[in-house]
Amino acid sequence: MAEPSANILKQTLDGEADNIDRLSALPESVLLSILSCLELKEAAATSVLSTTWRDIFLQLPNICLNFNINRNPPEQARLFHIFTLFAGRVFRERNPEAPVWFLKVSVSNFTQMMEEDYRSLLMSAAAAVSTQKVYQFDLRLTCSLLIESLNIVLPPAMFTSETLTILRLTLYADWDVPKNVWLPNLKYAHFIPYRLMHENSTQRFLDGCPRLQGMILMIGDITDSYETNVKTLRISSSSLKSLRLGWDQMDESEIMNIIVKSESLERLTLSLTGGHRVNVDTPNLNFFSITGYVLELNMIQSLPLIDEVVLDVQYIIQSSTYPQTQDASTFLRALENVRLLDISEQSMKALYESTSVVPIFRNMYKISLNYCNLFPHSRIQQVLFNLFENCPNLQVLFFEKVKVFHHYYYFHHVDFESVFPISMVQNLKRLEIFDFKGREMEYKLVEFFMNNGPCLETVFLRKDHLRGIWKPEQEQRIVSMMCSEECNIILSQNLESKIISIKKLDSP
Amino acid sequence: MAERGESSEAVMLKKTEEEKLRKGKMIVGDESKAGYEEEGKKVKLVTSDGVTMEVEISIVKEMEIIQTFIGATDTDDSFIFPISNVSSHILNQIIELVKGEYDQELAKKLSHDELKEILVAANYLNMKTLFHFIATAIANVIQNKSVEFVRDFFGIVNDFTEEEEAELRKTNAWAFEGVDED
């Protein structure tokens with residue numbers, strides 16, 4: 001309707017002028033729905049359509065301010081200046097009562113010339129977080145290759161909000177938690193990467209978040225130059241339910257301490273590189289996963305509610321400086337109620353080194369073996385045998401892969417009974433191989449379980465899509481194996497995840 | 001399992017397999033019975049141009065405004081719902097879109113006026129999926145278009161003075177900066 005003639009034409013053509021009028025009279029919320037499908041920059045361009053449209057984009061409930069431009073530094077800085085002015089207006093002129101469900105401020109290719117504007121951008125974003133009803137805040141920064149290291153100061157206001165529930169900081173720069181933190185409704189905090197600036201920074205943050213439930217911290221070497229003087233990370237919270245902590249420490253000569261103490265914690269995932277001494281004091285833990293390397297792992301108290309454990313951890317053999325090598329399997333006693341255990345070869349090596357007795361895992365229902373070169377290693381066979389013997393109620397055995405050293409083909413007869421106690425095999429209900437490669441060893445393994453397992457209900461063999469489909473002779477070989485009448489054989493092949501189910505009808 | 005670093009795709013596949021397995025063992029029938037009974041049932045709607053149309057219940061179910069009626073009255077087949085804001089032409093378009101499971105290709109075939117009218121209708125009938133689908137389709141149309149095009153599309157009269165518009169372009173300069181993002 002820019003020109004009156006066009007308007008008349010429309011009316012005469014379709015006679016639906018009513019609807020056109022209704023459209024321009026649509027409530028703001030409907031126009032907002034259209035704008036919310038556009039990038040903020042694009043939505044903001046609608047401000048010049050008419051006075052009605054001027055400020056509509058300012059009410060968008062999701063604000064994504066995205067600066068991702070790579071020009072020569074002066075031009076980059078000029079554009080960034082315009083971007084910052086715009087962002088300032090978006091924050092300043094919003095109706096402060098209209099909630100912001102999601103606020104994202106993302107800046108890529110940061111250069112030194114942008115520093116001053118970035119500071120003002122942070123100030124206006126922080127003011128919005130603390131004074132407007134912002135529910136999720138996502139702040140990202142990546143630097144241009146020209147910058148070696150960058151230290152930014154996050155305004156304290158960014159950590160003061162009555163409404164904020166999710167805070168994500170993805171800052172490739174050094175930053176520290178401000179002195180005062182008050183985020184009474186924060187439920188999730190993701191700091192990836194996270195830099196340990198001071199020993200009490202993390203705890204200060206936690207103390208200001210009385211309702212925090214989930215936290216992800218990835219401490220690591222983003223650049224080669226990252227070093228920290230902080231040697232101890234303490235995490236203590238009365239609300240935290242889930243913690244994911246990654247710590248990639250390049251300098252292995254330093255010993256780092258991790259102390260997690262929380263009554264409420266239900267899930268703990270640790271992924272560690274370097275040398276850490278880990279102390280876990282979490283009586284209500286339900287899920288525990290540890291991967292990577294560790295010097296020590298101490299469970300301060302037993303975990304009566306533990307359900308699932310993933311152990312893929314290698315103990316670093318300590319030098320003579322630390323003669324008190326911890327017995328790797330003592331922590332297993334804390335886990336004796338576990339129902340599902342996923343254990344890697346690395347962890348089994350640690351168990352082999354240990355001298356203490358493996359507890360009886362009465363609740364153990366399923367054991368998953370991942371990346372196990374188990375057969376040529378007589379030591380690991382022993383560990384497995386002991387483990388299986390102590391799981392009287394084991395029903396499911398899962399192999400991610402059955403890996404075999406090549407030399408096995410030349411000289412070895414595998415004595416399966418020395419790995420899988422016959423009492424365990426007899427009780428087993430389900431056997432799974434997730435990546436069945438079709439090797440001789442795998443067929444023999446399956447045959448051993450089928451021949452000796454009267455309770456076996458399901459044998460599930462999955463071929464990875466890279467390894468093609470089940471050939472008729474391969475199917476035939478599995479089907480012809482002697483097994484219990486009740487046993488279902490499922491041969492699965494991907495990508496289609498087609499399932500060939502063969503019920504054994506003609507039992508011997 | 002995913003926490004171990006296993007690819008999420010693999011985990012998903014594993015899950016679907018397990019689900020299929022579980023379903024395979026279940027006795028099929030009971031859970032889907034309720035659905036079958038209603039299938040084929042139609043609801044009569046009278047459009048703004050006076051046409052009575054029989055619409056499948058599965059489509060009417062998306063119209064929340066009618067659902068509230070159906071919930072309130074004991075529906076028998078004779079009940080007729082007037083939808084005075086929607087023409088038979090637009091209702092047919094809506095039926096096509098819902099049956100076509102909201103295929104963006106279908107939206108491309110619609111004229112600009114049809115898009116707008118369907119948006120108005122979806123808002124009126126409170127069809128959330130359709131509304132979002134059409135809002136997205138309209139956003140796609142006006143994306144990267146000139147201010148003049150968008151004004152024309154919505155039938156907007158520019159009531160800014162030249163000075164006002166120039167001022168606004170200055171304060172929102174970022175929005176008009178033609179930059180290629182990385």
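Read top to bottom, the protein sequences are chains L and S. Just so we're aligned: the first sequence equals residues 1 to 508 in UniProt numbering. Just so we're aligned: the second sequence equals residues 1 to 182 in UniProt numbering. Ideal Cβ placement from N, Cα and C applies to all residues, glycine included.
Classify residue i as helix, strand or coil using the three-state DSSP reduction.
i                     : result
D113 (chain S)        : helix
A122 (chain S)        : helix
H89 (chain S)         : helix
R462 (chain L)        : strand
F91 (chain L)         : helix
S344 (chain L)        : strand
T131 (chain L)        : helix
R195 (chain L)        : coil
K42 (chain S)         : strand
W182 (chain L)        : strand
N151 (chain L)        : strand
D117 (chain L)        : helix
D174 (chain L)        : strand
K366 (chain L)        : strand
Q493 (chain L)        : strand
residue 183 (chain S) : Beyond the ends of chain S as shown, which are 1 and 182, falls residue 183 (chain S); an answer cannot be given.
M256 (chain L)        : strand
I161 (chain S)        : According to the sequence displayed, residue 161 (chain S) carries Thr and not Ile. Coil at T161 (chain S), not helix or strand.
I80 (chain S)         : strand
residue 537 (chain L) : The shown model of chain L, from 1 to 508, leaves out residue 537 (chain L), and the question about it has no answer.
residue 540 (chain L) : Chain L is shown only over 1 to 508; residue 540 (chain L) falls outside these bounds and no answer can be derived.
V419 (chain L)        : coil
residue 254 (chain S) : The question about residue 254 (chain S) has no answer, for chain S in this structure spans 1 to 182.
Quick check on residue i - is its C-beta less than 7 angstroms from some C-beta in chain S?
i              : result
F83 (chain L)  : yes
N286 (chain L) : no
S480 (chain L) : no
I34 (chain L)  : yes
F86 (chain L)  : yes
I489 (chain L) : no
E308 (chain L) : no
Name the chain L residues whose beta carbon is nearer than 8 angstroms to that of residue i?
i              : result
T101 (chain S) : First, the residue type needs correcting, since residue 101 (chain S) is Glu and not Thr in the sequence shown. Neighbours of E101 (chain S) on chain L: none; closest Cβ ~19 angstroms, over 8 angstroms.
L168 (chain S) : S47, V48, R54
Does residue i come within less than 7 angstroms of chain L when only Cβ atoms are used?
i              : result
E165 (chain S) : yes
N126 (chain S) : no
D159 (chain S) : yes
V46 (chain S)  : no
V147 (chain S) : yes
Can you pull the chain S neighbours of residue i, defined as C-beta to C-beta under 7 angstroms?
i              : result
L38 (chain L)  : A139, Q143
S106 (chain L) : Those within 7 angstroms of S106 (chain L) in chain S number zero; the least Cβ separation is about 11 angstroms.
K41 (chain L)  : W174, A175
Who does residue i pair with in a DSSP beta bridge?
i              : result
K261 (chain L) : L:S236, L:D281
G208 (chain L) : In the DSSP output, where bridge partners are listed per residue, G208 (chain L) has none listed.
H190 (chain L) : L:R168, L:I216
G246 (chain L) : L:M218, L:S271
L103 (chain L) : L:I63, L:F137
E296 (chain L) : L:R277
Q314 (chain L) : L:Y293
F110 (chain L) : L:C143
L431 (chain L) : L:L397, L:V459
N286 (chain L) : Per DSSP, none; premise fails for N286 (chain L).
T68 (chain S)  : Bridge partners of T68 (chain S): none, in fact.
T52 (chain L)  : BP columns for T52 (chain L) are empty, so no partner.
Residue i touches chain S at which residues, Cβ-Cβ below 9 angstroms?
i             : result
V30 (chain L) : L119, V120, N123, F131, A135
A44 (chain L) : N172, W174, A175, F176
F91 (chain L) : By Cβ distance, chain S contributes nothing, its closest Cβ being about 13 angstroms from F91 (chain L), past 9 angstroms.
Anything in chain S within Cβ reach of residue i, meaning under 8 angstroms, just list it in chain order.
i              : result
E457 (chain L) : By Cβ distance, chain S contributes nothing, its closest Cβ being about 10 angstroms from E457 (chain L), past 8 angstroms.
Taking residue i as the query, report the chain L residues whose CB atoms sit under 7 angstroms from its CB, ordered along the chain.
i              : result
V150 (chain S) : T46, L49
With hydrogens ignored, establish whether the beta-carbon of residue i is closer than 6 angstroms to any heavy atom of the ligand ZN.
i              : result
N123 (chain S) : With respect to the ligand ZN, the structure offers nothing, as it holds no ligand at all.
* **the stretch 64 to 79 of chain L: positions lying closer than 7 angstroms to chain B by Cβ** => Absence of chain B from the displayed structure is noted, the protein chains being L and S.
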